[in-house]
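Notes for the one structure printed next.
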Amino acid sequence: VCFTALCGQLALKFAFSNIIEVKLIESDKKLRMHPVMILLSVGVFGYLWGPTGMLLSVPLMALMKIALFSELVPSSYRDPILVILEGDRNAPRKHGLKDPRVESKQARARRSAAPPGG
43 VCFTALCGQL
53 ALKFAFSNII
63 EVKLIESDKK
73 LRMHPVMILL
83 SVGVFGYLWG
93 PTGMLLSVPL
103 MALMKIALFS
113 ELVPSSYRDP
123 ILVILEGDRN
133 APRKHGLKDP
143 RVESKQARAR
153 RSAAPPGG
């Protein structure tokens with residue numbers, strides 16, 4: 043009985059962490075990650091922390107990705123990491139993230155084009 047309960051718990055944990063959680067993260071636009079990155083994170087965290095790391099790997103990667111959307115993270119760091127995590131070169135543009143350098147150039151151009159005094 044104890045062995046059956048243990049096997050059932052392990053099967054449920056495996057199914058939730060490796061199948062259901064992965065599908066939920068893939069379907070959400072903000073949390074979308076490439077499946078290879080998810081498997082890589084499961085392997086790395088599993089190597090570091092064992093089975094606990096394997097269970098925590100996907101939520102930790104999702105947390106890291108959400109933290110990338112902070113205004114404190116410069117786009118020069120954020121954009122390449124988003125491209126790697128999602129496996130899509132257009133990832134920063136898909137999330138509506140703009141490069142502050144481009145915005146400041148556009149703002150300077152608007153100011154210089156505006157008529158004086160008005």
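Take any residue in the sequence shown, note its place counting from 1, add 42, and you have its number in this note's numbering. Note that beta-carbon positions come from the ideal geometry of N, C-alpha and C, so glycine has one too.
Problem - C-beta atoms of Met-75 and Leu-110 nearer than 7 Å - result: no
Practice task
From the DSSP output, in three-state form, read off Val-64 for me.
Solution key: helix
Handout entry: Where Phe-45 sits in the DSSP three-state scheme
Key = helix
Problem - Start and end residues, alpha helix (DSSP H) containing Arg-135 - result: 133-136 is the span of the alpha helix (DSSP H), which, as asked, contains Arg-135.
Handout entry: Counted within 10 angstroms of its Cβ, other Cβ atoms place Phe-87 as buried (16 or more) or exposed
Key = buried
Exercise for the section: Alpha carbon to alpha carbon, how far is Gly-92 from Leu-52? Give it in angstroms, no decimals. Expected result: 14 Å
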